[in-house]
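Chains as they are written, first to last, in our numbering: chain A, 200 to 598; chain B, 15 to 397. Beneath this line is the structure, given in structure tokens, with notes to follow.
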Amino acid sequence: MSFTNNASYEHLKLGGNLLQNVFINDEIKLILIRDGSNSLLTMFNNHFDNDYANFSSFLFNFVDLFKQNYKLIFDCTSVTTNEYIQFVTGPYVPTKLSFLEKFNATHNIPNDSIQIWTSSNPIENIEITQEYIDNGSEEENLKNVINLNKRWSHILVDKPYNIGNLSHRYQKEKFDTRSKKYKVMALFNEPWSSVNLHSLMVSLLSLFESSEIIYNFNVAKTLKYDESTKINDLKIEKAPISNILNIYNRQELPDIHKDSFVNLISPQFIEDSPLSYLSSHYIPDEVYTSIFNFQPFIIVGKKYMLKRLRRIGFVTFNDWWDESYDSLEYHIDRTAGAISILNLISSKSMNELNVMYLSMKDVLTHNFNLAVKLQKEYKELYNNSIYFNPIFNDYENYI
Amino acid sequence: MIMKTIYNHNKKIIYTDHIPVSITTLFCDLIDEETKLWAFFDEYLEYFKKGYKFLLNYHAEAENYEVLFKEQIKVNRLDYDVFSSIRQYGIIHELNNDFFQILTASMNIKDLTTDIYKPHVQSVLAMHNVVVEIENERADELSIEQIQTENFTKKFTFLNGRIPQRFHRTSLFTVLKGIGILKDCNYSFNSRGEYNEYPQIPFESETVMNSDKKERILGFGTKANYASFCNIVTETMWDYDYMHHYQGSKFISEKTYKPMAMLQPFVIAGPYKHLELIKEYGFKTFDKWWDESYDNEINSSKRLGKVVKTIISIHNLPMDECKSMYKDMKSTLIHNYNRMKDLTSVHYPEFALPSIYYPQGNGIEYGFSKQLNRYFEYKPLII
């Protein structure tokens, strides 16, 4: 990756906005705009001020490249909100999408010249039943999403590249045959605020001896209830706080993963209203952390979370326990499905679980290799690019 | 339908049927101005001057009204101080200071309320429908032999009507489903259908719908209770922090009384020391037969975990053992039943009963408040 402006692109006038992270990959003809921690909505609101003139003047820089079949990518794969929903429910929505349409038509360039990549948007892969539409409390928005999907499927592209944000040091992990110390590990954030996490927490507390599990139920340390409900004793159990914070900061905590048979994972909000069902359907980082650590996992997420993983190419654990809960409509039913797996695991001895773990070696290795491949693939997109940062020196003024 | 008010001229009280909306809704959304409240009082001013008291019946819940009203003022949902306004009206018209009272099932409401407002609140045990059942249906004919243990088809009855703000119900339901115990329960869940994102599972809806009016009002699944060994009670209150306006209330809801009336043992997912509170009222619990240490666990999540452990231990018992255990519990179950009857006469005055049990005549007269009935169409309350 070059961190200096390249002479062949010196004519580009990119200054005056916050899109400092422009990468051009000539090899695969991609112009990548990575907005870091900002969502696409922020990008449009703040950088273009929702003004077509701003939008157009920025993109005009790339018209020649578009005519050479370059694609410009708004890379939002690190953002876990759903860009569809942001577009549908956010302000100035029709305007934003019409910007793209208008620009393509004005300059007579291919209609997929500008794309939005998101890791939380598998809409095209998910069956939207009539029942969802009929029962939807946010029916209009849902219809908008569906229409949007049809209209913009060539532009809104699902790429599971949030894996790219995890530490690349994970790639050095090896399959480890050490005996497990714990049956289950669980790192939850504010389980007191969501039914799925709360139910899973209660299951762990009731089905297992405390020596059989390792958990932390207040990972983010932002717990409002902490002071008022006097539940401090649940805040940290066994795992030292420094380690827990490290894992939350996306640094490794391999021992907990290596020492635990299975990782119990559940995003905080998995309600089943139609819009939430379609939103934020990303693979949580914790899943990839498990995969990099050759660790089986149980996920309680939105409907079809496991299906989504399998579509990416990962293999899940249906050969060892029943994962049919993944397709159940109600989140409490999916949670109950996961609890029945916990019940199964609690009934097995540590020796039995160790044997089961060894039998999973091929699957775990396959998943690890695929995760490494995806991570490398994502990294190479940028490594092989020329990097522009036209207002780098002013960056401090903008944050 | 019109919500009735009942005049008891012998006792100089005017009382309402259980009002069909919450106190929050009544004062924040309906009687949302002091002038409206006073217009309602004006309707009864001639009676107040003769020494009558008006009892607003809302004893299914145990809210700490002072906390509740302050909270609502704080979030700008309520524009006036209700208690202060009631007091002012009394002073202006030189009425007895207890001329207007709100009934609540918070048994310590007097302790929770500022001295000058104490006359405006009154505690009533939340036995409502349960007492009706005892007094009107079975009376003294009841004996333990009436419950045929051979009829036990399930281990548990597990009823969960309301879901909002009641995490313990959704969690317990989900956990019991996950570990396969739900199959051994007569159960309901989200039966009011208040949340779309949860399945609505009414309890024996057909039976209830086909039953007579009185049974529908009672609506607590007598047959199912008799057909199961133990009742898993998910109390109204769980963790004070989920429901601030219940703060400090000592509240035993009808959910706890029902199994007592049905001669059932129970496991209760309730607040910290709830069993201890029950014992304070002279009831007995079941620590001789299973682990009730959950009651002493202050951490609400751990407490629910311990409740689940106790349920699992009962679930693991063979049914024959449960039947034998049930017979062994006879004296405890009958004690609780009788204790309920005793408490009724002390803590459950007639004005807490639905009006259908009080025919007109002999000093009882029906009426209705024009002001109150402006605000809501009366619907019979089924708890």
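Think of the CB as a built atom: it goes at the ideal place given N, C-alpha and C, for glycine as much as any other residue.
Along the segment 250 to 261 of chain A, there is no position whose C-beta sits under 7 Å from a C-beta of chain B. Within the segment 284 to 304 of chain B, no residue has a Cβ lying closer than 9 Å to any Cβ of chain A.
Per the coordinates, the alpha-carbon of VAL96/B lies some 8 Å from the alpha-carbon of PHE41/B. Here ILE464/A is not near LEU563/A, since their CB atoms are 9 Å or more apart. Closer than 9 Å to the CB of GLY192/B there is at least one CB belonging to chain A.
Checking the DSSP bridge columns, you'll see THR39/B has no partner listed. Annotated three-state conformation of ARG233/A is strand, per DSSP.
Look at PHE491/A here: in three-state DSSP terms it is helix. If the five residues before and after TYR556/A are omitted, its C-beta is found closer than 8 Å to the C-beta atoms of LYS379, PHE460 and PRO495, all from its own chain and listed in chain order.
Rounded to the nearest angstrom, the Cβ distance from TRP303/B to MET343/B is 7 Å, consistent with a contact under 8 Å. Of all alpha-carbon atoms in SER405/A, TYR251/A, THR317/A and GLN267/A, the one lying nearest the alpha-carbon of ILE232/A is that of THR317/A. The alpha-carbon of PRO133/B is positioned some 17 Å away from that of LEU82/B. Shown here for LEU396/A: same chain residues with a beta carbon closer than 6 Å to its own, the five before and five after excluded, namely PHE387, PRO390 and SER465 in chain order.
By alpha-carbon distance to SER327/B, the top candidate from LYS264/B, SER314/B, PRO273/B and CYS244/B is CYS244/B. With contacts defined by Cβ atoms closer than 9 Å, LYS269/B and LEU173/B form a contacting pair.
DSSP lists SER137/B as the beta-bridge partner residues of THR118/B.
The continuous stretches of beta strand (DSSP E) do not include VAL514/A, and DSSP gives it neither H nor E. Within the segment 386 to 398 of chain A, those residues whose Cβ lies closer than 7 Å to any Cβ of chain B are, in chain order, VAL394, HIS397 and SER398.
Interface with chain A (9 Å Cβ-Cβ cutoff): PHE97/B is excluded. For the segment 512 to 570 of chain A, the full-length alpha helix (DSSP H) segments reaching 4 residues or more read 530 to 546 and 549 to 558 along the chain. When the beta-carbon positions are compared, ILE315/A and CYS275/A come within less than 9 Å of each other. By a beta-carbon distance limit of 8 Å, ASN24/B contacts GLY377/B. Their separation comes to about 4 Å. With the criterion set as a beta carbon lying under 9 Å from some beta carbon of chain B, the segment 349 to 379 of chain A has no members that meet it.
Boundaries for MET274/B: no beta strand (DSSP E) harbours it, while the alpha helix (DSSP H) harbouring it runs 268 to 275, taken from the DSSP string. Residue-level contact by beta carbon fails for ILE246/B and chain A, as no gap is shorter than 9 Å. The beta carbon of ASN583/A sits closer than 6 Å to those of ASN224 and GLU226, all from its chain and outside the five residues before and after it, given in chain order. The Cβ atoms of TYR581/A and ILE362/A lie no closer than 9 Å to each other. By the C-beta density criterion, ASN350/B is buried, having at least 16 other C-beta atoms within 10 angstroms. When beta bridges are read from the DSSP output, TYR586/A appears opposite PHE222/A. The CB of VAL322/B comes closer than 7 Å to the CB of VAL401 and SER405 in chain A, given here in chain order.
A distance below 6 Å between beta-carbons, with the five flanking residues on each side excluded, links GLY284/B to the following residues of its chain, in chain order: GLU249. Remark: three or more beta-carbon pairs, one from each stretch, lie closer than 8 Å, so the segment 303 to 314 of chain A and the segment 265 to 272 of chain A are flagged as touching. In the three-state scheme derived from DSSP, where H, G and I count as helix and E and B as strand, VAL499/A is classed as coil. Nearest neighbour of ALA537/A by Cα position, chosen from PHE254/A, LEU403/A and LEU258/A, turns out to be LEU403/A.
The shortest CA-to-CA distance from ILE177/B to any of VAL281/B, ARG353/B and ASN204/B is the one to ASN204/B.
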